[in-house]
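Below is one structure, written out as C-alpha cells, with a few remarks after it.
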Amino acid sequence: MTITPRVALVTGATQGLGLALVEALARRMTPQDTVYLTGRDAGRVAAAVDARPAGGAHVRGEVFDVSGARTADRLAALLAERHGGVDIVFNNAVMRVGPDDDPRKIIDGYAEVNNFGTTRVLRAFAPLLPDGGRLIVVASSLGTLHHLAPVLHDRFDGLASLDEVDAQVAAWCAAVRDGSARAGAWPGFVNIPSKIGQVAAVRALARQRRDQDATRGILLAAACPAMLNTPTSALWWDVRSAATPAQATGPLLDLALAPVVPEHYGELVRNGKVVPWAPRR
2 MTITPRVALV
12 TGATQGLGLA
22 LVEALARRMT
32 PQDTVYLTGR
42 DAGRVAAAVD
52 ARPAGGAHVR
62 GEVFDVSGAR
72 TADRLAALLA
82 ERHGGVDIVF
92 NNAVMRVGPD
102 DDPRKIIDGY
112 AEVNNFGTTR
122 VLRAFAPLLP
132 DGGRLIVVAS
142 SLGTLHHLAP
152 VLHDRFDGLA
162 SLDEVDAQVA
172 AWCAAVRDGS
182 ARAGAWPGFV
192 NIPSKIGQVA
202 AVRALARQRR
212 DQDATRGILL
222 AAACPAMLNT
232 PTSALWWDVR
242 SAATPAQATG
252 PLLDLALAPV
262 VPEHYGELVR
272 NGKVVPWAPR
282 R
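Letter by letter, the sequence shown follows residues 2 to 282 of my numbering.
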C-alpha cells in the first residue's frame with residue numbers, strides 16, 4: 002500500500018508552544034512527512050531547525066511573517082507547488098504584550114499579528130486542505146463572549162465572513178487607539194477582544210465551509226492550550242504550576258492527528274471538550 006506523505010505547517014514556531022508543536026508533530030509523523038517550522042526571523046528559524054532532535058518527520062524552516070500583507074498567500078502558493086496541499090496547519094503566531102505596555106501604542110502591531118495574521122492564514126491555507134486536513138488556530142479560553150460585556154456581543158456573534166471579522170477587529174483597534182475603548186465597555190486587557198476575534202474568525206469561516214468540510218473529513222477549529230509556564234505568562238500570572246509548552250501539546254496533537262470529532266468543528270476546544278461560545282440565555 003502506498004502512503005502519501007503528509008505536510009504540516011506551524012506558525013510562530015521558533016520558541017515556546019510553536020516549537021514544541023513542531024517537535025511533537027515530527028515525532029508522531031513519519032520520515033516521509035514534512036513539518037514546516039516558520040517564524041519571521043531567518044536566523045531564529047535556522048537555529049531552531051538545527052537544534053531539534055534527529056528522527057521522525059523532516060523539519061524544514063521557512064521565513065513567514067503573518068503580519069505581511071501577502072506573505073500568507075505567497076507561502077501557500079509555494080507549498081501548493083511543492084506538495085499540492087497542506088494536511089495540518091497550526092496558526093500559533095502571536096505578538097506578546099506585557100503589563101507595562103500602553104495598549105494605544107501597541108494595538109496596531111498586536112492586531113496585525115494576532116488577528117489579521119489569523120485571517121490571512123485562514124484565507125490562504127483553508128483552500129489547500131486535502132480530505133482529512135486540519136486547520137487549527139491556537140487561541141485561548143478568554144476567546145468567548147463570556148469575557149465580553151453583553152452590549153458588545155453583537156460585534157462578534159454570528160459574523161458571516163472573515164471580512165466582517167476584520168471590520169470588527171479594526172473598529173475595536175480604532176477605539177483602543179483613540180482612547181474611547183478605555184472609557185467604554187471594552188475590557189482593558191487587549192488579549193480578551195483579540196482572542197474573541199480569533200475564535201470569531203474560525204466560526205465565520207466554519208459557517209461557510211461546514212457542509213463541504215464534513216463530507217471531506219476536514220477539521221477547522223480553535224484550540225486553547227490552557228495556561229502555560231512561559232516567561233510571557235509569568236508577567237501576568239503565577240504560572241509555576243502550569244504546564245510547559247511540551248506538556249501542553251498532547252490535546253492539540255489529538256486535534257491534528259486523531260480521528261475528527263464532529264462536535265469540535267468550528268468551535269473552541271480545550272482538552273478535547275468544546276468551550277461554550279456564549280452564555281446561555
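Built from N, CA and C at the ideal position, the CB exists for glycine as well.
Asked: Every unbroken alpha helix (DSSP H) within the segment 161–247, with a cutoff of 4 residues, ordered by chain; Found: 163–179, 181–184, 192–217, 232–235
Asked: DSSP beta-bridge partners of L38; Found: V11, G62
Asked: Stretch pair the segment 74–92 + the segment 6–23: three plus CB contacts closer than 8 angstroms; Found: yes
Asked: Presumed contact (8 angstroms Cβ cut-off) between R210 and A125, rounded CB distance; Found: No, R210 and A125 are not in contact; Cβ-Cβ is about 14 angstroms, not under 8 angstroms.
Asked: Inter-stretch contact (C-beta, 8 angstroms, three-pair minimum) for the segment 159–168 and the segment 109–124; Found: yes
Asked: Start and end residues, beta strand (DSSP E) containing I137; Found: 135–139
Asked: Alpha-carbon spacing of A202 relative to L22, whole angstroms; Found: 22 angstroms
Asked: Under the three-state DSSP convention, the category R271 falls into; Found: strand
Asked: For I4, three-class secondary structure by DSSP; Found: coil
Asked: Runs of beta strand (DSSP E) wholly within the segment 80–126 (minimum 3 residues, chain order); Found: 89–92
Asked: Same chain, Cβ closer than 7 angstroms to V191, five either side skipped, listed in chain order; Found: V98, P104, I108, Y111, V177
Asked: Residues sharing a beta bridge with V276, DSSP; Found: L269
Asked: Closest Cα partner of G198 within the set T72, F117, A224, A182; Found: F117
Asked: Contacts around D42, its chain only, beta-carbon distance under 8 angstroms, and the 5 residues preceding and following it disregarded; Found: T15, V64
Asked: Proximity below 8 angstroms, CB of L269 to CB of C225; Found: yes
Asked: Contact check, L146 vs A279, beta carbons under 8 angstroms; Found: yes
Asked: 6 angstroms Cβ shell around N272 - same chain, five flanking residues per side excluded; Found: P252
Asked: Neighbourhood of S68 by C-beta distance below 6 angstroms, restricted to the same chain and skipping five residues each side; Found: E113, V114, G118
Asked: Boundaries (first-last residue) of the alpha helix (DSSP H) holding E24; Found: 17–29
Asked: V87 beta carbon less than 8 angstroms from that of L130; Found: yes
Asked: Neighbourhood of A150 by C-beta, 7 angstroms cutoff - its chain only, sequence neighbours within 5 removed; Found: A186
Asked: Nearest-angstrom beta carbon gap, E24 and R71 [assumed within contact, 8 angstroms]; Found: Between E24 and R71 the Cβ distance is about 29 angstroms, and since that is not below 8 angstroms, they are no contact.
Asked: Best match in P6, I193, A215 for proximity to H84 [C-alpha to C-alpha]; Found: P6
Asked: Three-state secondary structure (DSSP) of R53; Found: coil
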